[in-house]
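Take this note's numbering: the final residue in the sequence shown is number 450, and no numbers are missing along the way. All C-beta atoms in this analysis are idealised placements derived from N, C-alpha and C, irrespective of residue type, glycine included. Shown next, in structure tokens, is the structure this report addresses.
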Amino acid sequence: MARIFGTDGARGVAITELTCERAMEIGRAAAHVLTKESGKAHPRILVGMDTRISSRILEGALAAGLASVGAQAELLGVVPTPAVAYLVKAYRADAGVMISASHNSVEYNGIKLFSGEGFKLPDSVEEEIEALILDRPEEIKLREGTEVGNIMRRSNAADDYINYIKQCVDIDLSGMDIGFDCANGSSAATAEKLFRTLGVNGSFIANTPDGTNINDKCGSTHIEKLAAYVRRNGLKAGFAFDGDADRCLAVDENGNVVDGDRIIAVVAKYLKSIGQLKGDTAVVTVMSNLGFHNYMKQNGINTLCAKVGDRYVLEEMQKNGYNIGGEQSGHIILLDYATTGDGQLTAAMLLKVMKQTGMKLSELVKDITDYPQVLVNVKITEQGKGRWSETPSITDKIADAEARLGDSGRVLVRESGTEPLVRVMLEGIDKQLVEQLANDIADEVKAALC
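Pasting the structure below:
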């Protein structure tokens with residue numbers, strides 16, 4: 001059975017791959033699975049979306065699917081993904097849906113599902129939804145007459161989310177000159193109001209979405225634009241969000257990038273200093289740099305590695321009772337306040353650390369030194385999916401690289417869960433050797449799977 005859901009929901013080229021029909025099917029099946037235990041005739045399901053031109057099209061199809069099986073679809077409009085995660089619980093809804101392809105370019109879109117507790121769904125529940133769509137669609141009962149669900153719009157969702165983030169941070173950030181890159185995405189609907197209300201003297205770029213410019217040479221995947229803006233305007237720091245604002249990267253006052261590893265390290269160290277770092281541990285992924293792990297150890301903080309994907313980070317956090325975790329890419333979960341990665345909450349918390357310590361961002365991260373790391377993304381064909389680990393010419397190259405790096409480096413090769421890519425990541429002391437070995441492996445992947 002071909003999977004509908006990857007590591008972060010269903011995703012594909014909007015309309016032709018992630019079709020209106022599929023969105024409707026997901027709405028029906030998700031409503032059936034997520035609300036079957038409640039026994040409600042008209043369960044309430046929130047639907048948020050990002051700014052891309054296809055989002056409203058898919059919103060209509062998804063809402064129709066939900067209503068056709070009796071669910072009430074409450075449309076939140078353009079909001080960040082973490083807003084859906086928060087509001088589904090705050091509004092006491094039964095489930096939530098976010099229509100977004102996150103950091104991907106405009107032609108893509110996606111559907112992320114949340115439980116009534118605001119958490120992304122585990123693989124087992126997504127597999128149950130897939131099975132209904134692909135194998136047992138006859139089990140989904142369509143309604144008629146007065147049994148169909150209603151579709152309504154909420155006008156207060158963005159403001160309710162903003163007010164919550166203000167409560168979480170609970171500090172006056174006046175006097176801080178900060179830049180924000182909204183990626184022409186969801187944070188364009190919330191960031192300016194949020195940070196100005198917190199007292200930040202904010203300068204905002206890429207905050208005029210037109211449906212086609214989301215993530216277009218802006219946002220966390222093109223942070224060089226923000227870095228130049230911060231340097232040019234003499235700002236204290238900058239924060240770049242992605243299309244649905246569930247991730248955040250930063251730049252210091254000199255325009256140097258502060259990635260997710262460094263943000264986690266700074267916030268975790270601060271939480272430890274005030275006695276609020278649970279288990280003295282941060283949960284990260286296998287992508288986190290060896291230099292990060294060394295810094296955390298030096299500061300008495302344990303690190304636990306999960307598989308790539310913020311849902312797997314969250315699973316480890318919940319299992320062990322930890323309250324901070326995330327990814328190098330900027331998905332950072334502050335579990336005391338949020339059930340998923342939240343870019344604006346992350347930015348606000350990092351600003352709080354700067355304000356409380358009186359330190360510049362460059363000073364907060366100066367002792368975190370990275371091992372040279374090289375990441376090469378290789379686009380593969382549909383036929384090449386799932387084959388890299390079973391191709392001897394590729395695995396031989398990997399084994400050779402591991403032997404040459406020894407204990408002073410590492411090799412990580414994995415297939416993307418959201419795009420047709422094999423990601424080749426190497427880390428080590430000798431940058432030239434790391435680059436050579438990474439390209440050797442990437443060339444072999446291209447030869448075998450492209």
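In terms of residues, what are the limits of the alpha helix (DSSP H) holding residue i?
i	result
Cys20	20-35
Cys218	First-last for Cys218: undefined, no H or E at that position.
Leu277	Premise fails: Leu277 is in no alpha helix (DSSP H) and is neither H nor E.
Asn361	One detail in the question is off: residue 361 reads as Leu in this sequence, not Asn. It spans 361-365 - the alpha helix (DSSP H) in which Leu361 sits, taken as one unbroken run.
Leu132	123-134
Asn233	224-233
Gly343	343-357
Val84	81-90
Closest by CA to residue i, which one among the options?
i	options	result
Lys379	Leu421, Glu21, Thr357	Leu421
Gly330	Val267, Lys236, Arg387, Trp388	Val267
Lys355	Asp94, Ala67, Leu87, Ile178	Ile178
Glu139	Ala83, Asn289, Ala31, Thr339	Ala31
Thr285	Gly300, Lys269, Ala95, Ala306	Ala306
Asp172	Val257, Leu194, Asp159, Ala188	Leu194
Gly185	Lys166, Leu375, Lys217, Met24	Lys217
Ser187	Arg136, Thr346, Asn302	Thr346
Gly110	Leu66, Glu128, Val13, Ser124	Val13
Arg154	Ala101, Asp170, Ala131, Leu75	Leu75
Arg410	Ile57, Thr391, Ala401, Gly417	Ala401
Leu290	Asn439, Lys385, Pro372	Pro372
Thr395	Ala448, Ile429, Glu315, Glu435	Ala448
Gln309	Ser416, Ser54, Asn207	Checking the displayed sequence, the identity of residue 309 turns out to be Gly instead of Gln. With distances taken between Cα atoms, Gly309 lies closest to Ser416.
Terminal residues of the continuous beta strand (DSSP E) containing residue i?
i	result
Phe239	237-241
Phe204	201-205
Asn302	302-306
Glu17	Looking at the DSSP string, Glu17 is not in any beta strand (DSSP E), and its letter there is neither H nor E.
Cys168	Run containing Cys168: none in the beta strand (DSSP E); it sits in the alpha helix (DSSP H), 157-169.
Lys120	Counting along the chain, Lys120 falls outside any beta strand (DSSP E), and DSSP gives it neither H nor E.
Please state if the CB of residue j and the CB of residue i are separated by a distance shorter than 8 Å.
i	j	result
Ala191	Phe204	yes
Gly321	Ile332	no
Gln72	Gly145	no
Gly326	Gly219	no
Arg28	Val69	yes
Glu253	Leu235	yes
Tyr161	Ala83	yes
Val413	Ile398	yes
Gly77	Val88	no
Ile133	Ile45	no
Thr221	Asp242	yes
Ile223	Gln344	no
Would residue i be called buried (16 or more neighbouring beta carbons within 10 Å of its own) or exposed?
i	result
Cys450	exposed
Glu126	buried
Asp50	buried
Lys297	exposed
Ser80	Position check: residue 80 holds Pro in this sequence, whereas Ser was assumed. Buried is the call here.
Lys40	exposed
Ala442	buried
Asp8	buried
Gly116	buried
Ala228	exposed
Met1	For Met1, the predicted structure reports a pLDDT of 41, less than 50, and the residue's modelled location is therefore unreliable. A value from the coordinates is still provided. Classification of Met1: exposed, given that the 10 Å Cβ count is below 16.
Ala348	buried
Pro209	buried
Glu147	exposed
Gly358	exposed
Ser389	exposed
Leu142	exposed
Ile368	buried
Glu17	exposed
Asn156	exposed
Going by DSSP, what residues sit across from residue i in a beta bridge?
i	result
Asp181	Ile205, Ala240
Ala10	Phe5, Ile111
Val283	Leu304, Gly325
Val148	Note: Val148 sits in no beta bridge, so no partner.
Ile333	Gly325
Leu249	Ala240
Ile99	Met49, Ile111
Arg404	None; Arg404 has no bridge partner.
Spell out whether any CB of chain D is found under 8 Å from the CB atom of residue i.
i	result
His32	The structure shown contains no chain D; it is built from a single protein chain.
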